[in-house]
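Residue numbers (this note's numbering), protein chains in the order written: chain H, 593 to 1099; chain F, 2 to 323; chain X, 2 to 323; chain W, 11 to 384. The beta-carbon is built from N, C-alpha and C at its ideal position, and this holds for glycine as well. Here the structure is laid out as structure tokens; the discussion comes afterwards.
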Amino acid sequence: MAESLSARNIVKRYGGVVALSDGNLDVHAREVVALIGANGSGKSTMSKVINGVVVLDGGQLLLDGQPIRFTSPQVAKNAGISTVFQELSLIPQMTVAENIWLTREPLNAFGVVDRKAIKTRTEELLALFEGTYKTALHPDSPIASLPPDERQIIEILKAMSFDPWLIILDEATASLDSRQVQRLFDLVAKWKEQGKAIVFVSHRMEEIFRIADKYTVLRNGRTVGAGSIKDINEQQLIKLMIEKESALGFLRGEAKTEEKIEKEVSLEVENLTSGTLRGVSLQVHKGELVGIGGLQGQGQRHLLHSLFGDIPYSGTVRLFHKDVRFKHPHEAMKAGVALVPGDRAKEGLLYIRSILDNMLLPSWRRYGMPLKVSNARKDAEQTGSSLNLKMAGLDAPVSSLSGGNAQKVVIGKWLMRNPQVLLLDDPTKGVDVGSKAEFYSLLTRLSEEGKTILFYSSDDEELIGLCDRVLVMHDGMIRTELSGNTLTKENLIAASLGAGERLGGDA
Amino acid sequence: MRRPRWESLTGRQPALFALILLVLSIAINLIVQPNMFARETLNSNMRVFLPLILLAVGQAIVILGGGIDISVGAIASIVNTVLATRVGLDGSPQEMWTYVFLSLLIGLLAGAINGFFIAYLRLQPIITTYATSFLYAGFALYILPNPGGGIPATIAQLYRSSTPLNLPLAFFIILIVLLIWLYLRATRYGRFLYAVGGRPQAAYETAVPVTWVQFSMYVISGLMAALSGIAITMLSGSGNADIGGPMTLNSITAVVIGGNALSGGIGGVAGPIMGAITLGVLQNIISFADIDTWWETFVRATIIVVALAAPGIVNLFRRRQS
Amino acid sequence: MRRPRWESLTGRQPALFALILLVLSIAINLIVQPNMFARETLNSNMRVFLPLILLAVGQAIVILGGGIDISVGAIASIVNTVLATRVGLDGSPQEMWTYVFLSLLIGLLAGAINGFFIAYLRLQPIITTYATSFLYAGFALYILPNPGGGIPATIAQLYRSSTPLNLPLAFFIILIVLLIWLYLRATRYGRFLYAVGGRPQAAYETAVPVTWVQFSMYVISGLMAALSGIAITMLSGSGNADIGGPMTLNSITAVVIGGNALSGGIGGVAGPIMGAITLGVLQNIISFADIDTWWETFVRATIIVVALAAPGIVNLFRRRQS
Amino acid sequence: GAPQTEPPAATQEPATEAPATEAPTEMPATESPTEAPATGEATEAPGAEGAPFTIGISNPFISSEYRTQMIEELIAVNQEYMDQGITTELVIESADTDVAGQIQQLQNLIAQDVDAILVNPGDVSGLNATLQEALDAGIIVISVDQELDVPGVYNVGIDQKEWAKTSAQWLADKLGGEGDIVQIEGFPGHPANVARMEGVAEVFAEYPGINVLATDTGRWDEATGQQVMSNFLASYPNLDGYWTQDGMAIGALQAVMAANPAQWPQGVGEGRCQYLRLWEEALTLNPEFDSIAVANHPGVSPTGLRIAVNMLQGKQVDESKLGGANDLSFVLPLAAVITSDNLDEGLAMCEGQPDAYLLDDILTEEEVQEFFVQ
Ligand SMILES: Nc1ncnc2c1ncn2[C@@H]1O[C@H](COP(=O)(O)OP(=O)(O)OP(=O)(O)O)[C@@H](O)[C@H]1O
Ligand SMILES: Nc1ncnc2c1ncn2[C@@H]1O[C@H](COP(=O)(O)OP(=O)(O)OP(=O)(O)O)[C@@H](O)[C@H]1O
Ligand SMILES: [Mg+2]
Ligand SMILES: [Mg+2]
């Protein structure tokens, strides 16, 4: 097993875009290096250079001090490097077991894949995350049928099954809930013990300080800092990541005041029931920012999509005191409701079309017939900059954006409709700290303008920092409501696990 | 700001390559047929190209929207047989216009059937239209089992030899089609079309009326096929149930040469029009270059291969360089 | 654990629908042609179906891997013309086997050319193979401009009337092909094929040799096309440069009826084999049901539409219900 | 179209001395083995009294006027025999299909125990083995419209080469052996096209003054023929003549009429009512125009049916009357040769017929008897 890998002065260009101009990274066995940076700073590109998926245009890779060229993923795999890809490397049509063991299937004497062995070994791997996924997850489940968090788990297990000495986790925690993250960190600790090296990419500061030993910061494709995590604090890290220190203070929102409660009720849900939802009732006021929390897959997305007319349901929904029952997202949009979907890889974006096209798709109506494209362009530019969107230009295709920036396009296109009710389905997955801050201030501004916001996030920090109230869902029901000083991390976790009733006493 | 690179040029102007190819082939044609731009020659060429051009426009829109329509040729055949049997060689101009109107309805209906299966029943476009192409071709054959019939010579003559402003009639028709397309592209419908072709699921999530857009694009394609059928009837003056069949693959070729991505969402209509003209000009070149009949097939094949593969190969070299 | 739903049945056994369709059409055929299972009848049917079956197998593999091969018919034509001109009506059996071997090499080469363009130069499969189909068809025409030539009658007879174990020879060939496929599918190569067809980018990132797999599947398809060309030469006993052309679209139809997704990654080879047989049986039914000539085209088209559309429609109802 | 039981006229015969009288004597020797199946059939099925006979038709291409007229006439002639109790309803296998498909058609006919098969082959040799199987099963096989080389299979048709020579000869004569011409051919490689173009080349080879400027394919398609002719006219404004065939002739003439050049080329036409009517119209535009229309008539098939019935009834074919490449062909006279001299007659034959109607001739029962041993 190797002892160290170094990347020196890496340059990588995509057409005219320079993704990495001077990337440096050192990682040694038995340590976790946090690779951090704003969206589009080149973290994923660095990962792809190290694992051979893209070929570098300049610079050098050193394995145990020896120069090495990775011309294809095979070469890197043989050198013991494996990756959890930000956009996942799973084949939707194939099963869990087939995906995990792809290229390393155990074979019998005739070169035939040993299906039994595969199944047993997959079950062993799945056991590592036992209890954090739905029971239906099974070695023979097709990937296409799995929710994002379960796919992420499979991607992690797949990377692990190579038994590499270096594992790159590119935003592996973005789709995971706190319990799943904990399991992953337990594994990381074990890997360290076994002498493995880990590169950990995340936008969640709390996670970085929890498991990283070292840090490397990328800014605009350039490594601007590296060192031991002990020697640095969060504010300093963030300062390294972003040039301007805009809206940083907002990061840990101060406790909200209760003054908004008097305002009128804008969204009222009674006994909403569908496939997974088992009678959800809630009220949101105008100008209120209400969070929805809980573990993955407790019905949060179902709730949002039902409200958006995407999933049929029974029960009543009142919007501004009028009973509504949207049969199609179209109707919801007409009534001023917008949903920012979470799984950007699957929904939302037209990758081959331009950023402009994507941002304006839901809003063209406003621009007349024929369309006044220059006005639209101006508006899109404005929304883009309010979200800190890093792009070559509005006419560049979305496929040229980094993961986090693509997500900003998804958010931006819905904000451009200027909705009255904003449903957010885990929108900040993979969005960097700086942009998150801008996004939070944008949300706060919107709620101050009187918009109604229902905000689901898998990031507990975010809910606590941003929301007036948090409704914690468990098993298709709202179990607990946290607000004011009951809105703490401990309570949120306890409630997520279904310990709703005991809460009052704990606080 | 930045100097335009080949990539961004072809990316934003997918028709650029089609234009180069067209200019090139016209140049060669001029060598072998120097009087190519004489009014008569130009007109006799353009009126022959027009049916394919119209078909390619419809095909381009469907392909832009992420579909494909294998039945366009058969729809043109139906229209041709209807006109040839119902109007007849000694029909009145009035009858002709009535049946031209009926032809458009037929195109609309045939397109709507395709659209219904594909947009509402979610069947695969290539297979569905391949299957309906049998139905439509069978129907054309049923209407006119034997080539024959026709339209009044005076009306055919109108199409064949009108040259308003000393320009072929076909120019004006192409211009009108192009203007309608440019308007359409600048409307919300145009944006929806690109969105649906880009990624229907994403478009749906954005509340683009995907089903309706898909349905409508097959209707447009049916309509264009009907227009093509009318044009070819005017050109030949007679009916033949097989007349449209061979044009289907040519229309797809024209669209691809025109720079549209077969996977949808990229391209336009001007490119495919140029592609269709290029195909016609190539035919001319081969015919005038006095190539031995046996080599013709070969030369033709090679030219098509090059035309189809060239953008890909250019891309490849670009990629290698960067 | 869970009761098997139609969805999961067709999802995991995409060939199920093809099987139902096949059984159904055989049942109807039995009504109109009661002696269908007599050895002679069975043999004479199977030997006619075999060329399409072999073509469909190659096509199925390419489609599974996310591609498509429009040139298979033309490759079969080359092989047919080579055998018919080089072996000749009075060639020796030994010559025949030499040229059968050469035919396989030709199929391999033609497939490799396709594969090179598509896998290494990254050109679009549908366009590339459409273009090479012109080249290959032109080449076949060059080898044998006029239909004619042939293979020794004794060898044709061997193919036409061998019935080992009282079963048509075709059965054994199909069985061998199926066994090879089942083996292939169970190997790592099989997994790679499904992975590349499913999501090539992900496969690439997982260190699957994507380029190589893509290349190899066109080679396989070329090889199967050559086998198909050999079979059709044995069947007809003579050469005709146009012989394979019409079979290409039929092979795609067979694959789709067989339950494979045109988008790749789903399906197998047994389904397409059943699909090809179904197409042949349908032809039989139409011919025995004594349908009036003009309606035949219509009936044929309708049956194909239904066969192609049925899985989609079933899916639709399933979706509506859930 | 109304079935034509009364053949238009026997008047067209002079045009062709049937080129059928070569090597009549050596034949019997080589023919005797192949005669065997036919005689076998005669004894198995008890001759004329074994009736009614079932006759099957295999046709792989449907969308042409020729094929439709052929099928209609077959049905009409068969009706005569049915009325006499000699045959049953025809078993018709007719659909657009490829070689494998026609093999399947033939196999299905064999499986249905027909007594005779009339096949219009889509491939000159691809059906040979299957037809041999039919012969082995004691079925009488007659190939119409296309000469096959299978011992035991009789062919019925016109001589394609002779057919083409007739009009080429006319053109050469008309131009006085001198002038610039163009040619529009059918599908390159199609056997009929090959035979025809050979004939045309033979004729023009004898006239060094005739200068073939260009040859292009009109793919046997009227619209393509028109386009090709338009192109020719644009680049060779002083054409003296053109040679073409079948439906392309209509397109070519339309192109000439549309271009209306100062000097019209003289051109070859086809024996179809639409052409004759167009010709008549062309004369109003330019009385100088002259043409010739030679029919490639579908009536050869119903004539073939009559021959099949006679064979089924046990009559002996008079081998000495056969011709063609292998002396196994009933070479029928051309049905109609229309020139400016008898254009009126041609138009009269078209009276009441649709445009698509091809001038036709079906041999009568008596005429067919000529081919059998008396
Ligand atoms: N395939 C591509 N084509 C063109 N440009 C690309 C491509 N992939 C990435 N880029 C560009 O390269 C830069 C770095 O992207 P990268 O994905 O490495 O960022 P990242 O640090 O991973 O960001 P995120 O946190 O959003 O995932 C971005 O500006 C992006 O737009
Ligand atoms: N949906 C769209 N959103 C934003 N810009 C667009 C869109 N469609 C076209 N454009 C812009 O318009 C210009 C021309 O577009 P396009 O390539 O579609 O041309 P076009 O007129 O369709 O050409 P033609 O019709 O061949 O092919 C480009 O600069 C392109 O970026
Ligand atoms: Mg990234
Ligand atoms: Mg364009």
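| Query | Result |
| --- | --- |
| Whole-angstrom distance between Val624(H) and Ile800(H), CA atom to CA atom | 10 Å |
| Option nearest Glu1030(H) by Cα separation, candidates Thr975(H), Leu749(H), Tyr943(H) and Gly940(H) | Thr975(H) |
| Chain F within 8 Å of Ser301(W), Cβ atoms only | no |
| Below-8 Å beta-carbon distance, Arg186(F) vs any chain W residue | no |
| Helix, strand or coil at Leu90(F) according to DSSP, with G and I counted as helix | coil |
| Ser636(H) beta carbon near ligand 3 (any heavy atom closer than 7 Å) | yes |
| Near ligand 3: Gln678(H) beta-carbon under 7 Å from a heavy atom | yes |
| Collapsed DSSP secondary structure at Ala930(H) in the structure displayed | strand |
| Proximity test, Cβ basis, 8 Å: Phe289(F) and chain W | yes |
| Proximity test, Asp1024(H) beta-carbon vs ligand 3 heavy atom, cut-off 7 Å | no |
| Interface flag, Tyr121(F) vs chain H, CB-CB below 8 Å | no |
| Members of the stretch 220-237 of chain X that neighbour chain W once the beta carbon cut-off is set at 8 Å | Ile233, Leu236 and Ser237 |
| Candidates Pro312(W), Ala110(W) and Gly261(W): closest to Tyr285(W) by CA position | Gly261(W) |
| Where the stretch 715-728 of chain H meets chain F: residues whose CB sits under 8 Å from a CB there | none |
| Below-8 Å beta-carbon distance, Arg161(F) vs any chain W residue | yes |
| Cα-Cα separation between Arg28(F) and Val809(H), rounded to whole angstroms | According to the sequence displayed, residue 28(F) carries Ala and not Arg. Taking the straight line from one Cα to the other gives about 57 Å. |
| Partners in chain X for Pro684(H), counting only beta-carbon separations shorter than 9 Å | Gly199, Arg200, Ala203 and Gly266 |
| Between the CA atoms of Ala781(H) and Val619(H) - distance to the nearest angstrom | 16 Å |
| Contact set for Ala196(X): own chain, Cβ-Cβ below 6 Å, skip 5 residues either direction | Ala204 and Val209 |
| Whether Val109(W) touches Ile152(X) by CB criterion (8 Å) | no |
| Minimum Cβ-Cβ distance from Ile127(F) to chain X less than 8 Å | yes |
| Residues bridged to Arg600(H) [DSSP beta-bridge criterion] | Gln652(H) |
| Under 8 Å between C-beta atoms of Gln276(W) and Asp300(W) | yes |
| Beta-carbon proximity of Gly883(H) to Leu1055(H), cut-off 8 Å | yes |
| Where Phe102(F) falls, given that 16 or more other Cβ within 10 Å makes a residue buried | exposed |
| The beta strand (DSSP E) enclosing Thr133(X), as first and last residue numbers | Note, Thr133(X): premise wrong, no beta strand (DSSP E); alpha helix (DSSP H) at Pro126 to Ile144. |
| Secondary structure of Val646(H), DSSP reduced to three states | coil |
| Reference Ile759(H), options Gln786(H), Arg771(H), Asp769(H) and Pro739(H), closest by Cα | Gln786(H) |
| Neighbouring residues, chain X, relative to Ser681(H) (Cβ below 7 Å) | Ala203, Glu206 and Thr207 |
| Beta-carbon contacts of Pro94(X) that lie in its chain and below 8 Å, excluding the five residues immediately before and after | Pro153, Thr155 and Ile156 |
| Three CB pairs or more closer than 8 Å across the stretch 353-364 of chain W and the stretch 184-191 of chain W | no |
| Stretch pair the stretch 175-195 of chain F + the stretch 54-65 of chain F: three plus CB contacts closer than 8 Å | yes |
| Beta-bridge pairing of Ala751(H) - partner residues as DSSP gives them | Partner(s): none; Ala751(H) has no beta bridge. |
| Short CB-CB distance (under 8 Å) between Ala132(F) and chain X | yes |
| Range of the contiguous beta strand (DSSP E) that encloses Glu860(H) | Val857 to Thr865 |
| Chain X contacts from the stretch 330-353 of chain W (Cβ-Cβ distance under 9 Å) | none |
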